[in-house]
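Written out below as structure tokens is the structure these notes cover.
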Amino acid sequence: MWQPVLMINGYLISVLGLAMLIPAFLDMYWTRAGWSHFLSSSIICLFIGLSLFLANRMNIKKITLQQGYLITVCGWVSLTLLGTLPFLLYGSIPHFADALFETMSGLSTTGATILPDVEIMPKAILLWRSILSSLGGLGIVMFAVAMLPFLGIGGMQIFQRENSDIDDKFMPKFNYIAKRIMLVYILLTAACTVSLYGVGMSWFDAVNHAMSAIATCGLGIKNASVGFYDSVSVEVVLSLFMVLGALPMTFYIMLVQNQDLHSFRTQQVITFLKVLAVYILFTSCWLVFEGVYGFWEALRYSSFNIISIVTTTGFASTDYMQWGAFAGTLFIIFALTGGCTGSTSGSIKIFRWQVILAFLRKSLTIATDPNRVLPIKVGSLTVSNAVVSSVFVFFAGYMLSIAALSVLVALSGLSFETAFSAVIACITNSGPGVGPIVGPAGNFSSLPDAAKYVLAFAMLLGRLEVVTILVVFTKNFWRK
Numbered sequence: 217m218w219q220p221v222l223m224i225n226g227y228l229i230s231v232l233g234l235a236m237l238i239p240a241f242l243d244m245y246w247t248r249a250g251w252s253h254f255l256s257s258s259i260i261c262l263f264i265g266l267s268l269f270l271a272n273r274m275n276i277k278k279i280t281l282q283q284g285y286l287i288t289v290c291g292w293v294s295l296t297l298l299g300t301l302p303f304l305l306y307g308s309i310p311h312f313a314d315a316l317f318e319t320m321s322g323l324s325t326t327g328a329t330i331l332p333d334v335e336i337m338p339k340a341i342l343l344w345r346s347i348l349s350s351l352g353g354l355g356i357v358m359f360a361v362a363m364l365p366f367l368g369i370g371g372m373q374i375f376q377r378e379n380s381d382i383d384d385k386f387m388p389k390f391n392y393i394a395k396r397i398m399l400v401y402i403l404l405t406a407a408c409t410v411s412l413y414g415v416g417m418s419w420f421d422a423v424n425h426a427m428s429a430i431a432t433c434g435l436g437i438k439n440a441s442v443g444f445y446d447s448v449s450v451e452v453v454l455s456l457f458m459v460l461g462a463l464p465m466t467f468y469i470m471l472v473q474n475q476d477l478h479s480f481r482t483q484q485v486i487t488f489l490k491v492l493a494v495y496i497l498f499t500s501c502w503l504v505f506e507g508v509y510g511f512w513e514a515l516r517y518s519s520f521n522i523i524s525i526v527t528t529t530g531f532a533s534t535d536y537m538q539w540g541a542f543a544g545t546l547f548i549i550f551a552l553t554g555g556c557t558g559s560t561s562g563s564i565k566i567f568r569w570q571v572i573l574a575f576l577r578k579s580l581t582i583a584t585d586p587n588r589v590l591p592i593k594v595g596s597l598t599v600s601n602a603v604v605s606s607v608f609v610f611f612a613g614y615m616l617s618i619a620a621l622s623v624l625v626a627l628s629g630l631s632f633e634t635a636f637s638a639v640i641a642c643i644t645n646s647g648p649g650v651g652p653i654v655g656p657a658g659n660f661s662s663l664p665d666a667a668k669y670v671l672a673f674a675m676l677l678g679r680l681e682v683v684t685i686l687v688v689f690t691k692n693f694w695r696k
């Protein structure tokens, strides 16, 4: 059972090791101060990765669902642990709990940070944070294509098959999709980089923000995040690419290939854009009514920050906690919405909300007409009972996880409000929470180590869709 798990994890660790060479070589050019630490980290990862890969090398024709779970969970955990090496060896983040939190934040594309002053960090470290977010963003899209069809909880049922193994009939299809997703991802990142440079950012700033935007991560390189630039042009460009990052990557492949655009992908894309428009219009009107901004300022700041939180990116152009107490409630709702399934976005996601609302609509109709037989439909598409059941299992697990993790974080000495906000920020992978400590103007540095470990787990739990993690802890999983 373990051979393909170890082989694939060895491959992933080797890729991580190669990625460490990028900041190593650039640091030789920039400062020559810490390139050796990145090189040492790379050598360690390549040694471990190649050893695992070569010792367990095999021709994989079939992967069981159990192995798929283990590859996903073990992969994210091992990459996170080894991803801390540059932070620890460089000395920029010498404390393990902090390094683990920052690494998990990048790989899970959460964007929360423990750095109180990010601008004093070496450029190589800032680049490494962005590389982690880019690797994590690409990884989660691959996870959505490969694993969510078998979980039935994400809306990726285009790849669903009757048996639960990933066999040699599925692998060519996955490889085909994976290569094109990688191409789309790289092209979007490149386009965002060039666009940001075109509106006034330096190449270094543009590359880092582009990697973070497409990954919907939001790990900034300025203490004031995007507010540092105070530029409408920068905000417009980033808003566009945050939205593009929150759309299904396979949606772009469909557009190029002129495939059927009446699929669930298109339905959720349209709904996602409508939800964004409603959120922005409502918040803008509220800000004008409260006298916080004039209309155009309200539209500017609400648009950018709402897009950032709904897509679970986490950039901020202003401290929206200054808008009033109601802003905290709004931004928790925004964070729990999420982008589209099959994107780099986190949280509950639009497709699941569509299924939940469709089920409630059906239930209310049947309550007044018990003899009526109604299918559950999302747009023009009929959703099977199995998918509906799986979505509600996910939703229940998600809400119970929020409650349990909030209690655990509160036990570390934080107020329940701060604990709840921090958990929402981390499990939705949106980054900043609400309140003075973990809000858009704060950071997670002052939290106790115990809270940081719990929140790092919350990031992983949210990134891997809850069920993927929880199922590994069941007796039945290991019995099989």
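Okay, so the sequence shown: first residue is 217 according to my numbering, each after it adds one. Glycine included, every Cβ here is placed at the ideal spot set by N, Cα and C. These figures come from a predicted structure and were not determined experimentally.
First through last residue of the alpha helix (DSSP H) which encompasses threonine 690:
As a first step, residue 690 is located in the sequence shown; it is residue number 474 there, counting from the start. Premise fails: threonine 690 is in no alpha helix (DSSP H) and is neither H nor E.
Considering Cα atoms alone, identify which of Val459, Val442 and Phe636 is closest to valine 623.
Here residue 623 corresponds to residue number 407 of the sequence shown, with the count starting at 1. Minimum Cα distance to valine 623 is reached at Phe636.
Going straight from the alpha carbon of glycine 434 to that of methionine 427, what length do you get?
In the sequence shown, the residue the question calls residue 434 occupies position 218. In the sequence shown, the residue the question calls residue 427 occupies position 211. If I take the Cα positions, the gap works out to 9 Å.
Just verifying my parser: in three-state terms, what is the DSSP assignment at isoleucine 229?
As a working note, residue 229 is residue 13 in the sequence shown. Isoleucine 229 falls in the helix class under three-state DSSP.
Straight-line gap, phenylalanine 542 to threonine 499 (C-alpha atoms, nearest Å):
For the purposes of this step, residue 542 is identified with residue 326 of the sequence shown, where counting begins at 1. For the purposes of this step, residue 499 is identified with residue 283 of the sequence shown, where counting begins at 1. Between phenylalanine 542 and threonine 499, the C-alpha separation is close to 10 Å.
Inter-residue spacing [alpha-carbon to alpha-carbon] between leucine 333 and phenylalanine 531:
Residue 333 sits at position 117 when you count from the first residue of the sequence shown. Residue 531 sits at position 315 when you count from the first residue of the sequence shown. Correcting the residue identity first, residue 333 is aspartate in this sequence and not leucine. Rounded to the nearest angstrom, the two C-alpha atoms are 16 Å apart.
For alanine 249, which of Gly307, Val491 and Phe673 has the nearest alpha-carbon?
Here the question's residue 249 lines up with position 33 in the sequence shown. The alpha carbon of alanine 249 has as its nearest neighbour, out of Gly307, Val491 and Phe673, the alpha carbon of Gly307.
Would DSSP call valine 459 helix, strand or coil?
In the sequence shown, counting from the first residue as 1, residue 459 sits at position 243. DSSP places valine 459 in helix when its eight states are reduced to three.
When Pro586, Asp585, Tyr614 and Asp535 are compared against tryptophan 569, the one with the closest alpha-carbon:
In the sequence shown, residue 569 corresponds to position 353, counting from 1. For the residues Pro586, Asp585, Tyr614 and Asp535, the minimum Cα distance to tryptophan 569 belongs to Tyr614.
So is tyrosine 392 buried or exposed if we call it buried at 16+ other beta carbons inside 10 Å?
Sequence index remark: in the sequence shown, residue 392 carries index 176 (1-based). Label assigned to tyrosine 392: exposed.
Threonine 300, DSSP secondary structure in three states
For the purposes of this step, residue 300 is identified with residue 84 of the sequence shown, where counting begins at 1. When secondary structure is reduced to three states using DSSP, threonine 300 falls in the coil class, being assigned neither helix nor strand.
Starting from the C-beta of leucine 676, find all residues in its chain whose C-beta is less than 7 Å away, skip the five residues before and the five after it, and write them out in chain order.
The sequence position of residue 676 within the sequence shown is 460, counting from 1. The answer, listed in chain order, is Trp292, Met320, Ser324 and Ile685.
Give the DSSP bridge partners of valine 599, in chain order.
Numbered from its first residue, the sequence shown carries residue 599 at position 383. Answer is Ile592, bridged to valine 599.
Report the rounded CA-to-CA distance for valine 459 versus alanine 667, giving the unit in angstroms.
Locating residue 459 in the sequence shown gives position 243, where the first residue counts as 1. Locating residue 667 in the sequence shown gives position 451, where the first residue counts as 1. Each residue's alpha carbon lies about 31 Å from the other.
Kindly indicate which three-state DSSP category threonine 280 falls into: helix, strand or coil?
The residue given as residue 280 occupies position 64 in the sequence shown. Looking at threonine 280 - three-state DSSP - the assignment turns out to be coil, as it is neither helix nor strand.
Which residues bound the alpha helix (DSSP H) around leucine 515?
Here the question's residue 515 lines up with position 299 in the sequence shown. Taken as a continuous stretch (DSSP letters only), the alpha helix (DSSP H) holding leucine 515 covers 511 to 526.
Note down the Cα distance separating phenylalanine 488 from phenylalanine 575, rounded to an integer number of angstroms.
Looking up residue 488 in the sequence shown gives position 272. Looking up residue 575 in the sequence shown gives position 359. Taking the straight line joining both Cα atoms gives about 18 Å.
Backbone secondary structure at leucine 663 - three-state DSSP:
In the sequence shown, the residue the question calls residue 663 occupies position 447. Correct three-state label for leucine 663: coil.
Tell me whether alanine 440 sits in a helix, a strand or coil according to DSSP, three-state version.
Residue 440 sits at position 224 when you count from the first residue of the sequence shown. The answer is coil: DSSP assigns alanine 440 none of H, G, I, E or B.
Does histidine 425 come out as helix, strand or coil in the three-state DSSP assignment?
Numbered from its first residue, the sequence shown carries residue 425 at position 209. Looking at histidine 425 - three-state DSSP - the assignment turns out to be helix.
Alpha carbon to alpha carbon, what distance is there between tryptophan 694 and isoleucine 224?
By one-based count along the sequence shown, residue 224 stands at place 8. By one-based count along the sequence shown, residue 694 stands at place 478. Rounded to the nearest angstrom, the gap between the Cα atoms of isoleucine 224 and tryptophan 694 is 20 Å.
Just how far apart, CA to CA, sit valine 423 and tyrosine 495?
In the sequence shown, counting from the first residue as 1, residue 423 sits at position 207. In the sequence shown, counting from the first residue as 1, residue 495 sits at position 279. Near 29 Å, if we compare the C-alpha coordinates of tyrosine 495 and valine 423.
Cβ separation of isoleucine 330 and asparagine 659, assumed to be a contact under 8 Å, to the nearest whole Å:
Residue 330 sits at position 114 when you count from the first residue of the sequence shown. Residue 659 sits at position 443 when you count from the first residue of the sequence shown. Right, their Cβ atoms sit about 6 Å apart.
Express the C-alpha separation of leucine 232 and alanine 271 in angstroms, rounding to a whole number.
Here residue 271 refers to the residue found at position 55 when the sequence shown is read from its first residue. Here residue 232 refers to the residue found at position 16 when the sequence shown is read from its first residue. Approximately 18 Å, taken between the alpha carbons.
Leucine 268 versus phenylalanine 673: straight-line alpha-carbon distance, rounded:
In the sequence shown, counting from the first residue as 1, residue 268 sits at position 52. In the sequence shown, counting from the first residue as 1, residue 673 sits at position 457. C-alpha separation (whole angstroms): 25 Å.
Between which two residues does the alpha helix (DSSP H) containing tyrosine 468 stretch?
Taking the first residue of the sequence shown as position 1, residue 468 is located at position 252. Following the DSSP letters along the chain, one finds tyrosine 468 inside the alpha helix (DSSP H) bounded by residues 465 to 473.
Hey, how far is the Cα of glycine 352 from the Cα of valine 603?
Taking the sequence shown and counting its residues from 1, one reaches residue 352 at position 136. Taking the sequence shown and counting its residues from 1, one reaches residue 603 at position 387. Near 26 Å, if we compare the C-alpha coordinates of valine 603 and glycine 352.
Buried versus exposed, by CB contacts within 10 Å (16 or more), glycine 370
As a first step, residue 370 is located in the sequence shown; it is residue number 154 there, counting from the start. Note on glycine 370: pLDDT 46, under 50, position unreliable in the model; no value is reported.
Buried or exposed, going by whether 16 or more other CB atoms sit within 10 Å of the CB of tryptophan 251?
Position 35 of the sequence shown, counted from the start, is the residue given in the question as residue 251. Per the 10 Å Cβ criterion, buried.
Rounded straight-line distance, which links the Cα of glutamate 335 to that of asparagine 439:
Position 223 of the sequence shown holds residue 439. Position 119 of the sequence shown holds residue 335. C-alpha separation (whole angstroms): 6 Å.
Minimum C-alpha distance to glycine 544 - residue among Val654, Val452 and Leu348:
Taking the sequence shown and counting its residues from 1, the one referred to as residue 544 is at position 328. The candidate whose alpha carbon is nearest that of glycine 544 is Val654.
Closest to glycine 327 by CA distance: which of Tyr509, Leu630, Val688 and Arg679 is it?
As a first step, residue 327 is located in the sequence shown; it is residue number 111 there, counting from the start. Comparing Cα-Cα distances from glycine 327 to each of Tyr509, Leu630, Val688 and Arg679, the minimum goes to Arg679.
For the alpha helix (DSSP H) containing isoleucine 311, list its first residue and its last residue.
Start at 1 with the first residue of the sequence shown, and residue 311 comes out as number 95. Reading the sequence as shown, one finds histidine at residue 311 and not isoleucine. According to the DSSP assignment, histidine 311 belongs to no alpha helix (DSSP H), since it is labelled neither H nor E.
Cβ-Cβ distance between threonine 466 and glycine 558 below 8 Å:
Counting from 1 along the sequence shown, the entry for residue 466 is found at position 250. Counting from 1 along the sequence shown, the entry for residue 558 is found at position 342. Yes, Cβ-Cβ distance for threonine 466 and glycine 558 is below 8 Å.
Length of the line joining the Cα atoms of phenylalanine 567 and threonine 560
As a working mapping, residue 567 is identified with position 351 in the sequence shown. As a working mapping, residue 560 is identified with position 344 in the sequence shown. Going by the C-alpha atoms only, they are around 14 Å apart.
What I want to know is whether the C-beta of threonine 329 ends up closer than 7 Å to one or more non-hydrogen atoms of the ligand ATP.
In terms of ligand content, the structure shown is empty, and the ligand ATP therefore cannot be addressed.
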